[in-house]
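K.L.:
Line by line, the protein sequences give chains A and R. In terms of the working numbering, the first sequence has 249 at position 249, counting the first letter as 1, and numbering is strictly consecutive. In terms of the working numbering, the second sequence has 285 at position 285, counting the first letter as 1, and numbering is strictly consecutive. Quick one: the structure is below, questions incoming.
2 protein chains.
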Amino acid sequence: MLHKQEEIDFSLGQNGCTDEELLSLVRHTIRRSVDTGHPHFYNQLYGGTDPYGLAGAWVSEACNTNQYTFEVAPTFSLAEHAVLQRALELFGFPNGDGIFAPGGSMSNMYGLVLARYRMYPDVKLDGLAGLPPLVVFTSEDAHYSTLKGAHWLGIGTRNVVKVKTDAAGCMDPKHLEQCIIKATREKKKPFAVVATAGTTVLGSFDPLNPLADICQKHGLWLHVDACWGGSLILSRKHASVLEGIDRVDSVSWNPHKMVGAPLQCSMFLVKHEGLLHRSNSASATYLFQQDKFYDVTYDSGDKSVQCGRKVDAYKLWLMWRKRGDEGLSRLVDNAVDCAQYFAKIISERPGFELVLPEFQCTNICFWFIPSSMRDQTRDEAWWDKLAKVAPLMKERMVLQGAVMLGYQPMAHRGMVNFFRMVTTCQPPPTRAQMDFVIEEIERLGDDL
Amino acid sequence: MLHKQEEIDFSLGQNGCTDEELLSLVRHTIRRSVDTGHPHFYNQLYGGTDPYGLAGAWVSEACNTNQYTFEVAPTFSLAEHAVLQRALELFGFPNGDGIFAPGGSMSNMYGLVLARYRMYPDVKLDGLAGLPPLVVFTSEDAHYSTLKGAHWLGIGTRNVVKVKTDAAGCMDPKHLEQCIIKATREKKKPFAVVATAGTTVLGSFDPLNPLADICQKHGLWLHVDACWGGSLILSRKHASVLEGIDRVDSVSWNPHKMVGAPLQCSMFLVKHEGLLHRSNSASATYLFQQDKFYDVTYDSGDKSVQCGRKVDAYKLWLMWRKRGDEGLSRLVDNAVDCAQYFAKIISERPGFELVLPEFQCTNICFWFIPSSMRDQTRDEAWWDKLAKVAPLMKERMVLQGAVMLGYQPMAHRGMVNFFRMVTTCQPPPTRAQMDFVIEEIERLGDDL
Numbered sequence: 001m002l003h004k005q006e007e008i009d010f011s012l013g014q015n016g017c018t019d020e021e022l023l024s025l026v027r028h029t030i031r032r033s034v035d036t037g038h039p040h041f042y043n044q045l046y047g048g049t050d051p052y053g054l055a056g057a058w059v060s061e062a063c064n065t066n067q068y069t070f071e072v073a074p075t076f077s078l079a080e081h082a083v084l085q086r087a088l089e090l091f092g093f094p095n096g097d098g099i100f101a102p103g104g105s106m107s108n109m110y111g112l113v114l115a116r117y118r119m120y121p122d123v124k125l126d127g128l129a130g131l132p133p134l135v136v137f138t139s140e141d142a143h144y145s146t147l148k149g150a151h152w153l154g155i156g157t158r159n160v161v162k163v164k165t166d167a168a169g170c171m172d173p174k175h176l177e178q179c180i181i182k183a184t185r186e187k188k189k190p191f192a193v194v195a196t197a198g199t200t201v202l203g204s205f206d207p208l209n210p211l212a213d214i215c216q217k218h219g220l221w222l223h224v225d226a227c228w229g230g231s232l233i234l235s236r237k238h239a240s241v242l243e244g245i246d247r248v249d250s251v252s253w254n255p256h257k258m259v260g261a262p263l264q265c266s267m268f269l270v271k272h273e274g275l276l277h278r279s280n281s282a283s284a285t286y287l288f289q290q291d292k293f294y295d296v297t298y299d300s301g302d303k304s305v306q307c308g309r310k311v312d313a314y315k316l317w318l319m320w321r322k323r324g325d326e327g328l329s330r331l332v333d334n335a336v337d338c339a340q341y342f343a344k345i346i347s348e349r350p351g352f353e354l355v356l357p358e359f360q361c362t363n364i365c366f367w368f369i370p371s372s373m374r375d376q377t378r379d380e381a382w383w384d385k386l387a388k389v390a391p392l393m394k395e396r397m398v399l400q401g402a403v404m405l406g407y408q409p410m411a412h413r414g415m416v417n418f419f420r421m422v423t424t425c426q427p428p429p430t431r432a433q434m435d436f437v438i439e440e441i442e443r444l445g446d447d448l
Numbered sequence: 001m002l003h004k005q006e007e008i009d010f011s012l013g014q015n016g017c018t019d020e021e022l023l024s025l026v027r028h029t030i031r032r033s034v035d036t037g038h039p040h041f042y043n044q045l046y047g048g049t050d051p052y053g054l055a056g057a058w059v060s061e062a063c064n065t066n067q068y069t070f071e072v073a074p075t076f077s078l079a080e081h082a083v084l085q086r087a088l089e090l091f092g093f094p095n096g097d098g099i100f101a102p103g104g105s106m107s108n109m110y111g112l113v114l115a116r117y118r119m120y121p122d123v124k125l126d127g128l129a130g131l132p133p134l135v136v137f138t139s140e141d142a143h144y145s146t147l148k149g150a151h152w153l154g155i156g157t158r159n160v161v162k163v164k165t166d167a168a169g170c171m172d173p174k175h176l177e178q179c180i181i182k183a184t185r186e187k188k189k190p191f192a193v194v195a196t197a198g199t200t201v202l203g204s205f206d207p208l209n210p211l212a213d214i215c216q217k218h219g220l221w222l223h224v225d226a227c228w229g230g231s232l233i234l235s236r237k238h239a240s241v242l243e244g245i246d247r248v249d250s251v252s253w254n255p256h257k258m259v260g261a262p263l264q265c266s267m268f269l270v271k272h273e274g275l276l277h278r279s280n281s282a283s284a285t286y287l288f289q290q291d292k293f294y295d296v297t298y299d300s301g302d303k304s305v306q307c308g309r310k311v312d313a314y315k316l317w318l319m320w321r322k323r324g325d326e327g328l329s330r331l332v333d334n335a336v337d338c339a340q341y342f343a344k345i346i347s348e349r350p351g352f353e354l355v356l357p358e359f360q361c362t363n364i365c366f367w368f369i370p371s372s373m374r375d376q377t378r379d380e381a382w383w384d385k386l387a388k389v390a391p392l393m394k395e396r397m398v399l400q401g402a403v404m405l406g407y408q409p410m411a412h413r414g415m416v417n418f419f420r421m422v423t424t425c426q427p428p429p430t431r432a433q434m435d436f437v438i439e440e441i442e443r444l445g446d447d448l
């Protein structure tokens, strides 16, 4: 990894360089990059790429076109359509619609925009002026994209109500209903709930059936941020953690996370046909000519808030076609199996302490307590000391270690820095690798 | 090109396929795609890719990482920083800031969000409820992304005021000022002007100096959608069409358009330091830990509305480093030269009629009038007939032709379908190719 900016001269200027100089710079770039394809890169909710996915990415990069019209992207439009259809079937929206978006935050914004459009279609024309403050509910463990989206969409981050989670990190439906009632009493207008299937840190799944009941009762749109945990829909063994997802209004799912499609690969799926186009269309006559000689229903561009749109579907299509549902299911199951194995081993190992006794996704959150700190009174000074352990170990990991995983505090639970180990499909992890990671953590942290 | 969905079976299902089957499907995909790298693909505001850019894209795809932190993208963070710095210098914002965004529509939304945030910083927290309707001004020739953005941001498309353009397609500053005064009288709140440098169809450049004067006088943010025409900043000969751009607040520029960086490659640049972060940050503790051991100012992710963010800068960095400012300037100059040559030839050729006598970018808009329609009275029936010529010729182009260019009507100018020829840097066009296109158009349309 690169530690100092000075190691490579990235500056640009008047004159170019030779191919040899360029090649040397590219070699340096690769050598000094983080090897996310390394079996022991567990730092983020993505890892290596599926090799078939990478092939697909290279093909679509080389074909350099735009997903907006069938005219310039005939094959990629059909591939996008096929992937969306399969995903819609899996999530239980057979008559739904969808679009690829540049990342999960954008996909989640699609959900908020459609929720608002369904309740107040005039917002498209008139904007929010004159309306009461709109309120969206999400859990305190949910991803920050709802906050960023609320700012951009003119809703305001104050109007993102954080619903409490239970000990397992799942949204508390009772508290959600209390929050809805409270907001209504305050003359605000609840319009959407953003549930999470696989929270970023703990990997928790909000209970979709009770949430759907509440949303139905109060007339609210239920969007599920399944960017991370949505991949479990592919698994025969574990899809049940997503129970109730066929009852929700929309879903975001990022195959660039667990299943290893190259970045970016995110889709937004919606149950209600036609809404995506009605909400987002601007009918530009220079691009979406209706007097084309082919079937213009394959022109997906006017469903999107983007104009130019990168081909993100083809790489996923390629890996899916190669592996089938069956093959993807096996890869997901292996990732879950390794995570469960990891959790089981550390739950019995001195110095490791699980943040959650049970877990639903492939996140395993834990503190590592160095030998010198074990069996001591856990007062404030002790926790302050423990808070510094993870950053120090992380520095060692990066500078001299063989593994890389992330850490974070969790202020709303009063938790100091803990590690988040996470497995993904690519490259397929093994139980032996899990053993190695555990030993490496001990090696890096035990003397602290 | 693919004409019927049935030609390739894109369906996905339970079982996978062999490598041989997959390879055959990939070959079909490529063969039936539109060859955007063909010298005679003039259909969109992008074309082939710069080969160095494509190499950069493949490298960054293979390294599959996320632009949000230096921790996981050390080299790519520095490359992004270097490209943004060079672009900021060129556009005259040496102390500015910037971010790569997934396409020009998103970059333009960044401009609107910052404009609003500067005027009403509380919008981030409180949203738009209680504020007067905010109004943004753009020209009637401007891109539809301001409309889409206005919907998403809660401003409303009704509050996008279309300012008149002159005969050359440039925003009329006098009419802009009248519109601002009118909106204020109507108790609305003007907050931003979106000017265009290189409009989508005609390629016109709004007069930035007079617009900057008006924005200064009325306290409005001036954003420039230079997604298309911004590439002329690279040209020694033609950069003057962007005169005054150093006086504006923000700029969007898409190097994936004229200069041939692979899609997507769009940047948002802002003159005011720190605003991008203050506006968009959510300070997620799981990602942007402040107790990291390296300089966290290279963590660009919290300036973005996205969380995961694809590496879009490196491909541009690679081609820029190879060619230098000098090399990119030559490529842009060649594209402009060919466009000028094309315009000159058709201006003297029977059957061709230029929509604009002068042009500023590489768009050449024209009607082709088949022999049988020349020297006839131009009544309504005649124009109705001419409206059908371009779609018919386009169908022939796609099915049997050797060139591909776009057409569109322009309702606000009362113009029926006309062609838009457009040159880009890649692959570098030649004057001989321009001659060929003209002959091909005659061949395809003369008998109509």
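Don't be surprised by glycine CBs; every beta carbon is placed ideally from N, CA and C.
Helix, strand or coil for residue 301 of chain R? Go by DSSP, reduced to three states.
P.N.:
Here residue 301 of chain R sits in helix by DSSP.
K.L.:
Within the same chain, show all residues whose beta-carbon is closer than 7 angstroms to that of residue 390 of chain A, passing over the 5 residues directly before and after it, in chain order.
P.N.:
Same-chain partners within the cutoff: 407, 417, 418 and 419.
K.L.:
Based on DSSP bridge pairs, tell me the residues matched to residue 353 of chain A.
P.N.:
Answer is A/367, bridged to residue 353 of chain A.
K.L.:
Who pairs with residue 420 of chain A in a beta bridge, going by DSSP?
P.N.:
For residue 420 of chain A, which the question treats as bridged, DSSP gives the partners A/365 and A/406.
K.L.:
Would you kindly report the start and end of the unbroken alpha helix (DSSP H) that includes residue 76 of chain R?
P.N.:
That run of the alpha helix (DSSP H) goes 74-91.
K.L.:
For the alpha helix (DSSP H) that residue 389 of chain R lies in, which residues bound it at each end?
P.N.:
380-400 is the extent of the alpha helix (DSSP H) around residue 389 of chain R.
K.L.:
Can you pull the chain A residues whose beta carbon is under 7 angstroms from the beta carbon of residue 395 of chain R, in chain order?
P.N.:
Ordered by position in chain A, the residues that pass the 7 angstroms Cβ test against residue 395 of chain R are 293.
K.L.:
Exposed or buried, which one is residue 323 of chain R when buried takes at least 16 other CB atoms within 10 Å?
P.N.:
When all chains shown are included, residue 323 of chain R counts as buried.
K.L.:
Only counting runs of 3 or more residues, tell me where the beta strand (DSSP E) segments fall wholly within the segment 214-301 of chain R, in order along the chain.
P.N.:
Taking only runs of at least 3 residues, the beta strand (DSSP E) segments lying wholly in the segment 214-301 of chain R are 221-225, 250-253 and 266-270.
K.L.:
Would you call the segment 38-53 of chain A and the segment 345-356 of chain R touching, i.e. three or more CB-CB distances under 8 angstroms?
P.N.:
Cβ pair count under 8 angstroms is below three, so no.
K.L.:
In whole angstroms, what is the alpha-carbon distance linking residue 117 of chain R and residue 124 of chain R?
P.N.:
Their Cα atoms are separated by approximately 7 angstroms.
K.L.:
Find the residues of chain A that neighbour residue 405 of chain R, judging by a C-beta separation of less than 7 angstroms, and give them in chain order.
P.N.:
What residue 405 of chain R touches in chain A: nothing, since even the nearest Cβ is about 11 angstroms away.
K.L.:
What number of angstroms, rounded off, separates the C-alpha of residue 448 of chain R from the C-alpha of residue 344 of chain R?
P.N.:
Near 24 angstroms, if we compare the C-alpha coordinates of residue 344 of chain R and residue 448 of chain R.
K.L.:
Which of helix, strand or coil does DSSP assign to residue 136 of chain R?
P.N.:
Strand.
K.L.:
Going by DSSP in three states, residue 29 of chain R sits in which element: helix, strand or coil?
P.N.:
DSSP places residue 29 of chain R in helix when its eight states are reduced to three.
K.L.:
Distance, Cα to Cα, residue 387 of chain R vs residue 292 of chain A?
P.N.:
Roughly 12 angstroms separates the two Cα atoms.
K.L.:
Listing by chain order, which chain R residues have their CB less than 7 angstroms from the CB of residue 105 of chain A?
P.N.:
Going along chain R in sequence order, the residues near residue 105 of chain A (Cβ under 7 angstroms) are 305, 306 and 307.
K.L.:
Output the distance between the C-alpha atoms of residue 13 of chain R and residue 424 of chain A, rounded to the nearest integer angstrom.
P.N.:
In a straight line, the C-alpha of residue 13 of chain R is about 22 angstroms away from that of residue 424 of chain A.
K.L.:
Quick one: which residues of the segment 172-203 of chain A get their C-beta closer than 7 angstroms to a C-beta of chain R? List them in chain order.
P.N.:
Taking 7 angstroms as the Cβ-Cβ cut-off against chain R, the residues of the segment 172-203 of chain A that qualify are 200 and 201.
K.L.:
In chain order, what residues of the same chain lie with their CB nearer than 8 angstroms to the CB of residue 383 of chain R, ignoring the 5 residues before and after it?
P.N.:
For residue 383 of chain R, where only same-chain residues beyond five positions count, the Cβ hits under 8 angstroms are 416.
K.L.:
Can you tell me the Cα-Cα spacing of residue 176 of chain A and residue 254 of chain A, whole angstroms?
P.N.:
Spanning the two alpha carbons is a distance of roughly 26 angstroms.
K.L.:
Consult DSSP for residue 97 of chain A and reduce its assignment to one of helix, strand or coil.
P.N.:
Three-state DSSP puts residue 97 of chain A in a strand.
K.L.:
Chain A partners of residue 376 of chain R, CB-CB under 9 angstroms?
P.N.:
Correct list: empty, because the minimum Cβ distance to chain A is about 22 angstroms.
K.L.:
How would you call residue 262 of chain R, buried or exposed, if buried means at least 16 neighbouring beta carbons within 10 angstroms?
P.N.:
So residue 262 of chain R counts as buried.
K.L.:
Could you please tell me which residues of the segment 239-273 of chain R, in chain order, have their CB closer than 9 angstroms to any CB of chain A?
P.N.:
Flagged, chain order: 254, 256, 257, 260, 262, 263, 264 and 266.
K.L.:
Does residue 22 of chain R come within less than 8 angstroms of chain A when only Cβ atoms are used?
P.N.:
Taking Cβ atoms only, chain A reaches closer than 8 angstroms to residue 22 of chain R, which makes this a yes.
K.L.:
Below 8 angstroms, how does it come out for the segment 48-59 of chain R and the segment 302-310 of chain R: are there three or more Cβ pairs, yes or no?
P.N.:
These segments do not touch.
K.L.:
In the structure shown, what three-state DSSP assignment does residue 377 of chain A receive?
P.N.:
Of the three classes helix, strand and coil, the one that applies to residue 377 of chain A here is coil, per DSSP.
K.L.:
What is the DSSP secondary structure of residue 322 of chain R, counted as helix, strand or coil?
P.N.:
Helix.
K.L.:
Of the residues A/71, A/17, A/163 and A/86, which one's Cα is nearest the Cα of residue 267 of chain A?
P.N.:
It is A/86.
K.L.:
If you follow the alpha helix (DSSP H) that residue 436 of chain A is part of, which residue opens it and which one closes it?
P.N.:
Taken as a continuous stretch (DSSP letters only), the alpha helix (DSSP H) holding residue 436 of chain A covers 431-445.
K.L.:
Could you give the first and the last residue of the continuous beta strand (DSSP E) run that contains residue 192 of chain A?
P.N.:
Note, residue 192 of chain A: beta strand (DSSP E), 189-196.
K.L.:
Apart from the five residues on each side of it in sequence, which residues of its chain come closer than 6 angstroms, Cβ to Cβ, to residue 56 of chain A?
P.N.:
Same-chain partners within the cutoff: 314, 315 and 318.
K.L.:
The beta strand (DSSP E) that contains residue 160 of chain R, what's its start and end?
P.N.:
160-163 is the span of the beta strand (DSSP E), which, as asked, contains residue 160 of chain R.
K.L.:
To the nearest angstrom, how far is it from the Cα of residue 213 of chain A to the Cα of residue 239 of chain A?
P.N.:
The straight-line gap from Cα to Cα measures roughly 20 angstroms.
K.L.:
Starting from the beta carbon of residue 58 of chain A, find every residue of chain R whose beta carbon is closer than 7 angstroms, and list them in chain order.
P.N.:
What residue 58 of chain A touches in chain R: 58 and 61.
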